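Be aware that the sequence shown starts at 22, since it is given in our numbering, and climbs by one per residue.
Glycine included, each C-beta is placed from N, C-alpha and C at the ideal position.
Bear in mind that the values here come from a model prediction, so they are computed numbers and not experimental data.
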Amino acid sequence: MKRTRILSIDSSNIENHGISEAADIIRHAGTVVFPTETVYGIGASIDSVEGIKGIFKAKGRPTDNPLIVHISSIEMMMTLVADPLSEKVRRLIHTFWPGPLTLILKKSAIVSQDVTANLDTVAIRYPKHPIALALIEKANVPIAAPSANISGRSSSTRFQHAFDDLDGRVDAIIHSEDSEIGLESTVLDVSRDVPVLLRPGFITKEQIEQVIGKVDIPSTSEASSAKPMSPGMKYAHYAPKAPMYLVMGETSGMVERINEEIASCDRNLKIGVLCCDETLDAYRHEATFVQSLGSRFDLSAVASRLFSTLRTFDDFNVDLIFCESFEERGIGVALMNRLVKASGNRIIRVETRTERE
Ligand code: TXA
Ligand code: MG
Numbered sequence: 022m023k024r025t026r027i028l029s030i031d032s033s034n035i036e037n038h039g040i041s042e043a044a045d046i047i048r049h050a051g052t053v054v055f056p057t058e059t060v061y062g063i064g065a066s067i068d069s070v071e072g073i074k075g076i077f078k079a080k081g082r083p084t085d086n087p088l089i090v091h092i093s094s095i096e097m098m099m100t101l102v103a104d105p106l107s108e109k110v111r112r113l114i115h116t117f118w119p120g121p122l123t124l125i126l127k128k129s130a131i132v133s134q135d136v137t138a139n140l141d142t143v144a145i146r147y148p149k150h151p152i153a154l155a156l157i158e159k160a161n162v163p164i165a166a167p168s169a170n171i172s173g174r175s176s177s178t179r180f181q182h183a184f185d186d187l188d189g190r191v192d193a194i195i196h197s198e199d200s201e202i203g204l205e206s207t208v209l210d211v212s213r214d215v216p217v218l219l220r221p222g223f224i225t226k227e228q229i230e231q232v233i234g235k236v237d238i239p240s241t242s243e244a245s246s247a248k249p250m251s252p253g254m255k256y257a258h259y260a261p262k263a264p265m266y267l268v269m270g271e272t273s274g275m276v277e278r279i280n281e282e283i284a285s286c287d288r289n290l291k292i293g294v295l296c297c298d299e300t301l302d303a304y305r306h307e308a309t310f311v312q313s314l315g316s317r318f319d320l321s322a323v324a325s326r327l328f329s330t331l332r333t334f335d336d337f338n339v340d341l342i343f344c345e346s347f348e349e350r351g352i353g354v355a356l357m358n359r360l361v362k363a364s365g366n367r368i369i370r371v372e373t374r375t376e377r378e
C-alpha cells in the first residue's frame, strides 16, 4: 500500500503548491492522478521505467496495452516522433489541439518500449485542461497517462471515482472538478496512408474528414482479432459488476421491451435501468433502481454522465441492468461505442413497427 497524497487544485486558480508537488512526484518516478477535459488520467514520466511500471501495476493493466503520451507543446511532441509531420497531421494539430484528439505516429527512440508495449508507434495527446497542461509544463517532461481506473472498470470522470479505485495505489491524486467531456479522447492512427479511427470520441469522424479527407474505421473482424491495430480493442471495458443488456430500437419499443424483460425476471432480483429523462417515469413501477443520463436530445450531456452513472449501479449492488441506446450521431457514436463495450456485447434488438408489419 502506498500513502497517497491528495492535492486539492482549483482549475481557475492553479498557481499553488499542489502543482509543484505533483510535478516533483512525476520527476521522481512517481505516479499522479490528474484531471483532463475527457477523463482523469494516471500519469508518470516517460523517462522513468519505475514510474511507467507503477501505472500498469496501479491499474492492473495488461502490459501489452500501450499508453498515451501527454504533451504541453508542439516542441515537446517533436521529440517523440520519428518523421517530420505530414500536411494532414499539421492540419489536424492546427484544428483540434489542444483538445480531445490522440494521434498515433511513428515513434522516436526516446519513447521506451514500456510506454508503447513494443509497438513502433506512439499515441500523443495535447490536452486542453489547464491543470493537465500546468503539470506537464512544470514537470517539463511528457507524461504517459491512461485513464484513472482499475483496468476493466469505467474511466473516472470525477475525483471520487479515481480515489475509490486508486487510493493506496498511486503517489498522489489531484482533487479537482468533474471532467467536462466525460468520454476518452478520439484516437486516430495517422501512421498510415489513410488514417484509421481506432476509438471514437468527442471529435467525430465527420469533423476529422472535413479537415483531412477520407478516414477508415477498423472492420468488425479487425476489432475482435487476436492482434488488433489498437491493443486496447481486445480488452473488456467499462463493465459494471452486474451484467448489462443494451436494448436497441426506437424509444417506445425499447421501453416496452425493457418492461417486459423486467416482468419476466425473478421477483427477488434487484433490477437496474439506465435510461433518459424522456422515459424515466415508464420504469418506476417495475425496476428497483432507475437512473437517467439526461435528455436524449442532448447527447453531450448524456455522454458526460455515462461513466459516473454506470458506477452508481455498482454502489447499489443491482443484479442485472437494462440500458437504452442512443442515436449514433455526433458524440452519439462514441457514446454507443462505450455502451456496447460496457454491455460486453449483450445486445437486444427491438424491431421497429414497420419491420414487424
Ligand atoms: O482521453 C484520453 O485519451 C484519456 C486521458 C487520460 O487522456 N486517456 C486514455 O488512455 O483513455 P487509455 O490508456 O485508457 O486508452 C488509450 C487507448 C488504448 O485503447 C490503447 O490501446 C490505445 O489508446 N493506444 C495507445 N497507444 C497506441 C498505439 N501506439 N497504437 C494503437 N493504439 C494505441
Ligand atoms: Mg482506459
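Please decide whether residue i counts as near chain C, where near means a Cβ-Cβ distance under 8 Å.
| i | result |
| --- | --- |
| Phe77 | Considering every chain present, this structure includes no chain C. It has just one protein chain. |
Determine the closest residue to residue i out of the options, with distance taken between C-alpha atoms.
| i | options | result |
| --- | --- | --- |
| Lys255 | Gly173, Ile73, Thr309, Asp141 | Gly173 |
| Phe334 | Ser316, Arg350, Cys296, His150 | Cys296 |
| Asp210 | Ile35, Leu219, Leu204, Gly203 | Leu219 |
| Ile193 | Ser29, Asn366, Ser364 | Note that residue 193 is Ala in the sequence shown, not Ile. The shortest C-alpha separation from Ala193 is found at Ser29. |
| Ile279 | Arg24, Tyr304, Lys159, Met250 | Tyr304 |
| Thr123 | Pro264, Ile224, Ala324, Ala284 | Ile224 |
| Ser321 | Glu348, Leu331, Ile238 | Glu348 |
| Met118 | Arg146, Met97, Lys127 | What sits at residue 118 in the sequence shown is Trp, not Met. Of the candidates Arg146, Met97, Lys127, the one whose C-alpha sits nearest the C-alpha of Trp118 is Arg146. |
| Ala44 | Phe310, Arg111, Leu154, Val354 | Leu154 |
Return helix, strand or coil for residue i, following the three-state DSSP convention.
| i | result |
| --- | --- |
| His38 | helix |
| Glu205 | coil |
| Gly311 | Residue identity check: residue 311 is Val in the sequence provided, not Gly. Looking at Val311 - three-state DSSP - the assignment turns out to be strand. |
| Leu140 | coil |
| Arg370 | strand |
| Ala303 | helix |
| Val294 | strand |
| Gly432 | In this structure the chain extends from 22 to 378, so residue 432 is not present and cannot be described. |
| Arg112 | helix |
| Lys159 | helix |
| Leu219 | strand |
| Ser212 | coil |
| Leu341 | strand |
Could you check if residue i is buried or exposed, using at least 16 other CB atoms within 10 Å of its CB as the buried criterion?
| i | result |
| --- | --- |
| Ser346 | buried |
| Gln181 | exposed |
| Met99 | exposed |
| Ser325 | buried |
| Gln134 | exposed |
| Pro105 | exposed |
| Gln231 | exposed |
| Arg288 | exposed |
| His91 | buried |
| Glu372 | exposed |
| Lys128 | buried |
| His115 | exposed |
Where does the unbroken alpha helix (DSSP H) through residue i begin, and where does it stop?
| i | result |
| --- | --- |
| Glu348 | Note, Glu348: premise wrong, no alpha helix (DSSP H); not H, not E. |
| His196 | No alpha helix (DSSP H) contains His196, which is instead part of the beta strand (DSSP E) from 193-196. |
Might you give, ordered along the chain, the residues of its own chain that have their beta carbon closer than 7 Å to the beta carbon of residue i, omitting 5 neighbours on each side?
| i | result |
| --- | --- |
| Ala183 | Val54, Tyr61, Ala169, Ser177, Ile194 |
| Ala103 | Lys127, Lys128, Ser129 |
Output needed for residue i: all residues of its chain with C-beta closer than 6 Å, excluding positions within five of it in sequence on either side, in chain order.
| i | result |
| --- | --- |
| His196 | Ile27, Ser29, Phe180 |
| Tyr259 | Ser175, Arg359, Lys362, Ala363 |
| Glu71 | Ala50 |
Quick check on the DSSP output: the beta strand (DSSP E) that includes residue i runs from which residue to which?
| i | result |
| --- | --- |
| Met269 | 265-269 |
| Ser29 | 26-29 |
| Lys127 | 122-127 |
| Ile89 | 89-91 |
| Val236 | Segment: none, Val236 is in no beta strand (DSSP E) and carries neither H nor E. |
Suppose the cutoff is 8 Å on Cβ atoms and the five residues either side in sequence are ignored; what does the same chain contact list for residue i look like?
| i | result |
| --- | --- |
| Tyr266 | Glu282, Leu341, Ile342, Phe343, Cys344, Ser364, Arg367, Ile368, Ile369 |
| Gly39 | Leu28, Ser29, Ile30, Ile195 |
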